[in-house]
Ligand SMILES: C[S@@+](CC[C@H](N)C(=O)[O-])C[C@H]1O[C@@H](n2cnc3c(N)ncnc32)[C@H](O)[C@@H]1O
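In the working numbering, the protein residues as written are 39 to 257.
Written out as structure tokens, the structure reads:
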């Protein structure tokens, strides 16, 4: 068992509350929901952002079942080291998710087919959200899917509403699944498809105004 698992997710939260932003890792039901868009055939490139102790990492690996490529970017050095030890098939980069293009390039890829995020969006300032989403849009194939989760209890709070608007700014289609009540705390997943061309999402141009017709649906 790794040092991080012994010391626990909670102690990493106490060390860095602004980046870990949760006192407990996600549960398997949410991990299943967030990894559903990973295709069950072929060799997809899956990029995971903010894996923490690997709640989503395990589900991605199970879904890939030995196929494809799995890259992970974690800013916390202790989490990243533990993850690399626990998941030898995953290429783990200790970096800021904003650097995702460099991480993809260093692994020989231009873009990912699926980007799975465990990032704490509500903890990010608006400019930071925009920078990250611009990097994600740039790192996704035109037919790719971006999946990220949010907590149901904070769904209508300003940071969560801002994220939803930003997702609609950056993607042509944004679907939200039903609440995963088995998760602690209950959460849901956004599935974002058809990334918008950069000229439509440049900060100061249209970001924040959004396409009123962008789909935000609960299913
Ligand atoms: C809420 S935890 C989620 C961890 C895990 N995905 C889960 O669901 O249990 C957020 C994770 O994102 C990482 N993180 C925060 N900001 C990041 C950034 N800019 N780049 C990469 N990782 C980041 C944190 O260190 C932490 O591991």
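Beta carbons are placed, not taken as given, at the ideal position from N, Cα and C, and that holds for glycine.
Just so you know, these numbers come straight off a predicted model, no measurement behind them.
In this structure, the alpha-carbon of residue 52 lies about 33 Å from that of residue 208. As DSSP reads the structure, residue 208 sits in no beta bridge.
Approximately 6 Å separates the beta-carbon atoms of residue 188 and residue 225; this is inside 8 Å, confirming the contact. The alpha-carbon of residue 148 is positioned some 13 Å away from that of residue 109. Between the alpha carbons of residue 88 and residue 181 lies a distance of about 23 Å. Using a Cβ-Cβ distance cut-off of 8 Å, the region 152-160 and the region 62-77 are in contact, since at least three pairs of beta carbons, one from each stretch, lie closer than that value. Your pair residue 136 and residue 102 does not check out as a contact, with CB atoms roughly 25 Å apart and the cut at 8 Å. Those residues whose C-beta sits under 6 Å from the nearest heavy atom of ligand 1 are, from N- to C-terminal order along the chain, 57, 58, 59, 60, 63, 64, 87, 88, 89, 90, 93, 94, 111, 112, 113, 114, 117, 134, 135, 156, 157 and 158. Around the C-beta of residue 121, 16 or more other C-beta atoms lie within 10 Å, and the residue is accordingly described as buried. DSSP, reduced to helix, strand and coil, places residue 151 within a strand of the structure shown. Annotation for residue 55: no beta strand (DSSP E) segment contains it, though the alpha helix (DSSP H) segment containing it runs 55-58. Checking the DSSP bridge columns, you'll see residue 230 partnered with 184 and 212. When DSSP states are grouped into helix, strand and coil, residue 98 belongs to the helix group.
Taking the CA atoms as reference points, residue 104 sits about 13 Å from residue 95.
Taken through DSSP and simplified to helix, strand or coil, residue 179 comes out as strand. For residue 110, the enclosing beta strand (DSSP E) stretches over residues 107-112. With contacts defined by Cβ atoms closer than 8 Å, residue 91 and residue 125 do not form a contacting pair. Taking C-beta atoms as the reference points, residue 93 and residue 69 count as a pair closer than 8 Å.
If you draw a straight line from the Cα of residue 198 to the Cα of residue 175, it comes to about 19 Å. Where residue 72 is concerned, there is no enclosing beta strand (DSSP E), although the alpha helix (DSSP H) around it starts and stops at 66-73. Residue pairing from DSSP places residue 85 in a beta bridge opposite 109 and 153.
Within its own chain, the residues whose Cβ lies closer than 7 Å to the Cβ of residue 71, once the five positions on either side in sequence are excluded, are 215, 218 and 227, listed in chain order.
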